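There are 2 protein chains.
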Amino acid sequence: MDFLEEPIPGVGTYDDFNTIDWVREKSRDRDRHREITNKSKESTWALIHSVSDAFSGWLLMLLIGLLSGSLAGLIDISAHWMTDLKEGICTAGFWFNHEHCCWNSQHVTFENRDNCPEWNSWSQLIISTEEGAFAYIVNYFMYVLWALLFAFLAVSLVKVFAPYACGSGIPEIKTILSGFIIRGYLGKWTLIIKTITLVLAVSSGLSLGKEGPLVHVACCCGNILCHCFNKYRKNEAKRREVLSAAAAAGVSVAFGAPIGGVLFSLEEVSYYFPLKTLWRSFFAALVAAFTLRSINPFGNSRLVLFYVEFHTPWHLFELVPFILLGIFGGLWGALFIRTNIAWCRKRKTTQLGKYPVIEVLTVTAITAVLAFPNEYTRMSTSELISELFNDCGLLDSSKLCDYENRFNTSKGGELPDRPAGAGVYSAMWQLALTLILKIVITIFTFGMKIPSGLFIPSMAVGAITGRLLGVGMEQLAYYHHDWAIFNSWCSQGADCITPGLYAMVGAAACLGGVTRMTVSLVVIMFELTGGLEYIVPLMAAAMTSKWVADALGREGIYDAHIRLNGYPFLEAKEEFAHKTLAMDVMKPRRNDPLLTVLTQDSMTVEDVETIISETTYSGFPVVVSRESQRLVGFVLRRDLIISIENARKKQDGVVSTSIIYFTEHSPPMPPYTPPTLKLRNILDLSPFTVTDLTPMEIVVDIFRKLGLRQCLVTHNGRLLGIITKKDVLKHIAQMANQDPDSILFN
Amino acid sequence: MDFLEEPIPGVGTYDDFNTIDWVREKSRDRDRHREITNKSKESTWALIHSVSDAFSGWLLMLLIGLLSGSLAGLIDISAHWMTDLKEGICTAGFWFNHEHCCWNSQHVTFENRDNCPEWNSWSQLIISTEEGAFAYIVNYFMYVLWALLFAFLAVSLVKVFAPYACGSGIPEIKTILSGFIIRGYLGKWTLIIKTITLVLAVSSGLSLGKEGPLVHVACCCGNILCHCFNKYRKNEAKRREVLSAAAAAGVSVAFGAPIGGVLFSLEEVSYYFPLKTLWRSFFAALVAAFTLRSINPFGNSRLVLFYVEFHTPWHLFELVPFILLGIFGGLWGALFIRTNIAWCRKRKTTQLGKYPVIEVLTVTAITAVLAFPNEYTRMSTSELISELFNDCGLLDSSKLCDYENRFNTSKGGELPDRPAGAGVYSAMWQLALTLILKIVITIFTFGMKIPSGLFIPSMAVGAITGRLLGVGMEQLAYYHHDWAIFNSWCSQGADCITPGLYAMVGAAACLGGVTRMTVSLVVIMFELTGGLEYIVPLMAAAMTSKWVADALGREGIYDAHIRLNGYPFLEAKEEFAHKTLAMDVMKPRRNDPLLTVLTQDSMTVEDVETIISETTYSGFPVVVSRESQRLVGFVLRRDLIISIENARKKQDGVVSTSIIYFTEHSPPMPPYTPPTLKLRNILDLSPFTVTDLTPMEIVVDIFRKLGLRQCLVTHNGRLLGIITKKDVLKHIAQMANQDPDSILFN
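If you read the sequences in order, they're chains A and B. Position 215, counted from 1, in the first sequence is what the working numbering calls 215; the numbers after and before it change by one each time, with no gaps. Position 69, counted from 1, in the second sequence is what the working numbering calls 815; the numbers after and before it change by one each time, with no gaps.
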């Protein structure tokens, strides 16, 4: 009962790749809190300790916000610089990126702000010219070379120093938050290597984003900072509250969306999310966002590259193309999940998985070779999204804004719909090629042994589709403004259609299709635009996309990867819909040998040790007697082994024939019998029980809501069997016609 | 087990003022869903039924959004018109309010937009003049008369037709959502009367708001619309999901804040909030907001009167006054809750409560008499808040904007800090008097037998304080811009301090102090301003306010009113911190007679009827035999009574000596014995059990998370006692040194 004092080191801790017992952890925290509160009345020092303990959560949130905001700023700045390094270098100082290099330049006009003598492309440096086919080949070659170098460094660092640093990390974080232990997944090495390799991976030009991995980075910060506070270091449940908040901070800096981050953490990653955590998460997310803003990585006091501010209204009829974008997003999401999972399964099961470096280098080489000739694939994906979201203003020099009569404004600076110029048409073709490349290459990229996020590639796919549709609609409205569908609201020379808005809606739809986020997605996009009036288009697209994708496959990408890896994750969103009973799931099965139990006052140390060595169960019920099968409590294998070992070492005379007592008082023993071993202190006296006729839907609910590891099954008051979390997960998989052996861990 | 077929009408329903069993309700819904899914494979018609069933939730949300948005618009428009009716009438058409009347007028200039010949004050109508003391007295008299008339109508309608229509309704809705039954509280009469009386109460000029009652109105809409859908009509748990969403829609229209509304529902009112509901709530909130926007009650395409858009930045040093406002908000919140609860308790326990009409008329008379002479109390509170939030622009003619050199802009239309003119000084005095009046009168107003919300009066108190402090700071900065604290960022002639922002922060602080909202408060205020940069001031004030108020008393106003009314509400936010065990709480107590149990196969109808008539327990455990005390299941009193009555009526030969069997098969009976009564179908075969040594903190957690009504207690496999929700609540009250008998209902 008294876990607080922990008389024997190790009792009450968990093995790697095991599930924690939420009830026990929360009890321990309450015991701790109670002790501090009681002591606080005794002395001033204890009072100060009690107050500082109460505020340590807030301090921790502040630190997490500061650290993850700073790291996000660092990653943004370095990735920007290294992405530009693939194209050239600044002679005014190699540490300047392209934009920064030309800011400081004297020799640059506003129209030509990207061309300054200080910035030298590789062909200029090597063969002193920018013109001609040879210069193009030199630049091409250098581009591919740098990409390969970055990718090689990234994959080697991950392989050698921190294998956990690969991927987006969100599936694992979801599993950890649900109560699983993966030691080192959120450790300092993972943090350092993930931060470095994330920059390398993003800079290498692969089709991946930094947004998902930023959540992992923030969670690492949270986990490491937990070690500074007793309250959180020792308690797995409390630490998971902190990690939930850290995940919110990660999304907050990734998208500049503090509210969206909190909702993302609530909706997508967190498992146990008390309201206290909501408020603290919000605080952490806000601190992180403001830290990033004061670092100002993009020089425009925005937190993300693709922030936009639209002001043009949209029209009800436009819901039709928005819903079409939603359907596309859902289809793309479902298709992506299937093909990506199939490819990842191939990687796991065939020889392919043994050569991660070669795989990464191959994909990087293909990406770089195909990307360079097309300016929309050559630029970084965030820049591409930013350009696609952008509503063409008067001063935009991009090809996407190359309309005819582009300097002909109607009134008040508002740009009317115009016929597309040659630039727009060529941009359309290039974008279509970009779309195909992104769609194909992302399937092979996500899941490689480098840090890789999925938000940005998904958004890019959606944004391209949206922009293509938007420009198409715009031209249709321009040339056919007398059509019935247009003429009520789209007069000639008016600005009816905003292609940038279509890009944004498309991005939301694709992101929704892949991740199946709902509220958090809409709120994140809302915070990216800052206008309440675009919520309806975004929501229509997100809803359609989720419905379409769900119809083709229930799982989002993160759940699919959790299942692929066999983690014991009990999905909180799905209702268990089958009519099975606890007796159908419990062990032992009907024809199996009886349940292995310990008796409370008649087994010797040797008996128990035999049971331990002959079975692999992680815990044993303790009963009054084998005949009555009346339950007394539950004891964990790990605690039992540690305690017996400890007693044999330290307690005089405990031998194999000593009797183990789980009762409160051991009866007086005749002289010359070996001393008894009392183990009531490691016995869980309040194990959860259900009857054998309890529907499994209720059992699943109990496991989910209380965070149990196991539950005992009784019939008319007699102990009959046991259901573990793994049994529940296997049963769920079986009922869903999946392979129950895909659940690998306890 | 088979609740679905409900062979006997009434089995599985609840009495008024009783708690529902969440687990059973959810099981029933899953059974229903399973049946529809299974049938859907059989015929096309069943498939259509299954699809329409799946989408009925969304349709319901759409209807709730439309209805509550329309009602909110109706309330806004009528309240606006009736508030103006106290001052005069429009001759161009009595149905125009003051603003609308003068919009349509030909004889009005922009500067003088509130004075048009069509609008006649009562003195003009009655004695044909607006000048002089007599006209003032006539207007004064008419103002008080109308106020009294409105208040009288409101309180009479409430008293005669729908006593549940009084108050804000949020405490009761919280209780209902936690699983309590109050029949008629969300019925059609309550809806109709609450809508009408809310308009009357707001128009009477009392210190109350329409925001809280709007949540009640929206929940009534939700509840009534549930009757159109089988899925929701018959299931108490599913209906509560709908009510949570309706509450979100209510806040959404009250503050024009859909995201804030969802978070309010999640944080403040809801109990069981699955993620599916989050998404649907968001949809309902959005539909409601857009419905209201298309009604456009204020003619400015904003959803609320006091929407503002600030653009001036704030400075880090200003956090000091913002935190001061937070402290004020916390103090006011704690003070208000204490005095208001004390007054309400007095009302409940003394003669005062018997004369609600006289009480309302007295308070109205006092309010009206004191309010008329001061223009800030005479105007409606929302208008006051709107004026206080407003940043003085060039064209503002309000006294609060009467600065010296007011038409002297510095650059680009930005207004610099200026010395206050005479108007500002006199406004300050009037605002100080308004503050005192509002503080005092709100304590007596909230809790009277009319619809009354607390958001607006709290916000008004905070906004006045904030504005006073803001103007003070502004003048300080103007006259002492060389002080060290100002001179780094506040040069002369610059616009350093925005008094409107202070008003907004103050409003957030006071609202936070009273309601103890956190995230939802900040998000609502954020949606009111639309600028992410003001989140930090708002959050600082809200946090300070909550901490200060919590230090003086843990409960928010709604929880305090729940406790005052003795509702069985199990607070989800507070951890149970005491180290008691289930055996300390369970019934029977140590020296009480044994637990009343039924045996599974040896009691006659008469035995059971005796037990039913001799006890008042709402359920009985069924055991194998009295000696073994081995638990079989749990049967509810209500189901038992209905079943026996039904059997006696319909089943041939069931007499008092018939034996009741709860077993699966009854043994063959000798001939000439009376037929047996088999009641296994009403037996809950999966009752929840805990051991007697389970800590109460875990028991409380189980009750909370699973929504139990009762839980059985065992010791070593034998049934020992029972813990009901009421026992848990009484125990919590006892441990908190409160009167355990304050819990009135089951």
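Using N, Cα and C, we set each Cβ at its ideal position, and we do this for glycine too. Quick caveat: nothing in here was measured; it's all calculated off a predicted structure.
Following the DSSP letters along the chain, one finds Thr1110/B inside the alpha helix (DSSP H) bounded by residues 1102-1117. In the structure shown, Gly1379/B adopts extended strand secondary structure according to DSSP, grouped into three states. Annotated as distal: Val632/A and Leu677/A, with beta-carbon spacing of 9 Å or more. Fully enclosed alpha helix (DSSP H) runs of no fewer than 4 residues occupy 916-923, 934-949, 957-972 of the region 915-973 of chain B, in order along the chain. When the five nearest sequence neighbours on each side are left out, the beta carbons in the same chain lying within less than 8 Å of the beta carbon of Val1369/B are those of Val1343, Leu1344, Thr1345, Gln1346, Gln1375, Arg1376, Leu1377, Val1378, Leu1465, in order along the chain. Neighbours of Thr1437/B across chain A, judged by C-beta separation under 7 Å: Leu685, Ser686.
Residues of chain A whose Cβ lies closer than 7 Å to the Cβ of Leu1021/B are, in chain order, Glu267, Lys573. Judged by DSSP in its simplified three-state form, Ala1166/B adopts strand. Around Tyr1313/B, the same chain offers Thr921, Phe926, Phe1491 as residues with beta carbons nearer than 7 Å, after the five sequence neighbours per side are excluded. Residue burial is scored here from C-beta neighbours: Arg183/A has fewer than 16 other C-beta atoms within 10 angstroms and is therefore classed as exposed. Counted as a single uninterrupted DSSP element, the stretch harbouring Thr312/A is not any beta strand (DSSP E), since DSSP gives it neither H nor E.
Residue contact with chain A for Gly1007/B: absent (no Cβ-Cβ distance below 9 Å to any residue of chain A). In the DSSP annotation of this structure, the continuous segment of the beta strand (DSSP E) that includes Trp865/B starts and ends at 865-867. Taking a Cβ-Cβ cut-off of 8 Å, His665/A has no neighbours in chain B, whose nearest Cβ is about 15 Å from it. The three-state reading of DSSP puts Pro537/A in helix, counting H, G and I together. Sequence-distant partners of Gly423/A (beyond 5 residues in either direction) whose C-beta falls short of 7 Å from its own C-beta, in its chain, are Lys399, Asp402. Excluding residues up to 5 positions away in sequence, Ile75, Ser78, Ala79, Met82 lie with their Cβ nearer than 7 Å to the Cβ of Val199/A in the same chain. With a 10 Å radius around the Cβ and a threshold of 16 neighbouring Cβ atoms, Lys984/B comes out buried.
Excluding its 5 nearest sequence neighbours in each direction, Leu266/A has C-beta neighbours in its own chain below 6 Å: Phe273, listed in chain order.
Taking 9 Å as the cut-off, the Cβ atoms of Val1251/B and Gly1302/B do not count as close. Close partners of Met1285/B in chain A (Cβ separation under 9 Å): Phe282, Phe283, Leu286. Shown here for Ser520/A: same chain residues with a beta carbon closer than 6 Å to its own, the five before and five after excluded, namely Gly260, Leu263, Phe264, Glu267 in chain order. Look at Pro695/A: its C-beta is under 9 Å from a C-beta on chain B. Residue state for Lys980/B is assigned as coil, using DSSP reduced to three classes.
Closest in alpha carbon position to Ile919/B, among Val906/B, Gly933/B, Phe907/B, is Gly933/B.
Between Thr434/A and Pro457/A the beta-carbon gap is near 11 Å, outside 8 Å, which marks them as no contact. For the C-beta of Val523/A, the chain B residues within less than 7 Å are, from N- to C-terminus, Ile1005. Straight-line measurement puts the Cα of Ser545/A at about 17 Å from the Cα of Leu454/A. The count of Cβ pairs closer than 8 Å, one atom from the region 793-809 of chain B and one from the region 972-981 of chain B, reaches three, so the stretches are in contact. Between Leu1475/B and chain A, the shortest Cβ-Cβ separation is not below 9 Å. DSSP places Phe150/A within a helical segment (H, G or I) once states are collapsed to three. Secondary structure at Thr714/A: strand, using DSSP grouped into helix, strand and coil. Going by beta carbons, Lys194/A and Glu1443/B fall outside the 9 Å limit. A distance below 6 Å between beta-carbons, with the five flanking residues on each side excluded, links Leu937/B to the following residues of its chain, in chain order: Cys966.
Thr312/A and Ala1297/B have their C-alpha atoms some 48 Å from each other.
DSSP places Phe1366/B in the strand class (E or B) of the three-state scheme.
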